[in-house]
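In what follows, a structure is listed as structure tokens, so that the remarks can point back to it.
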Amino acid sequence: MRIAKPEFEAMLREGIAHRSDGPWASPLHLLLKKTEGWQPCGDYHALNARTIPDRYPVHNTHYFAHRIYSCHVFSVLDLVKAYTHIIVNLHDAPKTAIITPFCLFDFPFMSFGLRNDGLAFQSFIDEVVHGIDFCFVYLDDILVFSRNADEHHAHLRLLYQRLDNHGLLVNVPKSTLGISIVIFLGHEVSSEGTRHLPQRITNLQNYPQPTTAKDVHRFLGTQNFYRPFLPHAAD
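Structure representation (structure tokens):
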């Protein structure tokens, strides 16, 4: 709780969370962040089971490979609190409530862990970058690719302006800017195309034998992600 309380206090100050007195409550869950620290969120299993699934398509990560042909300069952008740009219906906000030992909190913006969080944001960000053909967006990860440095600077300026017009901020310290090789969604991206990270394939090959349905689902999802780089994957 000493981890969660300061995070909730910060979210209250920023208006990302509100104190709630509604009838809904999901358990508190702590998620390890990609960089460091923990992110409190809700264990929304019960709520998600009653939520109508969104059918908006998430982009296939292998579709951008042909688009980077002849490109030599790349950037990967990280967005600041991206999902907070998705506003939750006022009448549905109480359903997002998380119960903690110190208070009940709900969220006026999309909260991580809700069934349609990623799809809602994908739809939003696709509108933001509509018509821009020098970037590929997968949820809140943005890959920018250009033929040379001058073109890349122009591309970044245009993209930054588009993001700014929609209130989106780039987390520069967590972004990778203007280099020849970047890591994007578990792949190495360069002018030679995309290739898997050897350690990821080694981890997959050494994956412990699944013992539950959830383990099988997780393994198959990981295998499908790297299928193009796995000879005889169907075997």
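Residues 6 to 240 (our numbering) are what the sequence shown spells out, left to right.
The C-beta atom is built at its ideal place from N, Cα and C for all residues, glycine as well.
Remember, predicted model here, so these are calculated numbers, not experimental data.
Item	Value
Those residues which DSSP pairs with Asp-146 across a bridge	Asp-83, Tyr-143
Exposure of Leu-168, with buried meaning 16 or more beta-carbon neighbours within 10 Å	buried
According to DSSP, residues forming a beta bridge with His-192	Phe-189, His-201
Between the CA atoms of Tyr-68 and Leu-124 - distance to the nearest angstrom	18 Å
Beta bridge counterpart(s) of Phe-110 as assigned by DSSP	Arg-24, Ile-103
Cβ pair count under 8 Å reaching 3, the stretch 110-127 against the stretch 7-22	yes
For Ile-130, the first and last residue of its enclosing alpha helix (DSSP H)	122-133
Three-state secondary structure (DSSP) of Val-63	coil
Residue range of the unbroken beta strand (DSSP E) whose run includes His-50	Not the beta strand (DSSP E): His-50 falls in the alpha helix (DSSP H), residues 50-54.
DSSP bridge partner residues for Leu-36 (one or two, in chain order)	Gln-44
Cα-Cα separation, Lys-10 to Gly-198	44 Å
Span of the alpha helix (DSSP H), counted from its first residue to its last, around Leu-17	9-19
Cys-76 beta carbon less than 8 Å from that of Phe-141	no
Rounded straight-line distance, which links the Cα of Ala-98 to that of Leu-109	12 Å
Coil, strand or helix - Thr-181 by DSSP	strand
Classification of Lys-38 by the beta-carbon crowding that lies within 10 angstroms, buried from 16 upward	exposed
Element boundaries [alpha helix (DSSP H), containing Ala-98]	That residue, Ala-98, is in no alpha helix (DSSP H); it is neither H nor E in DSSP.
Cross-strand partners of Val-78 (DSSP beta bridge)	Ser-151
Residue from His-71, Val-134, Phe-112 whose Cα sits closest to the Cα of Ile-91	Phe-112
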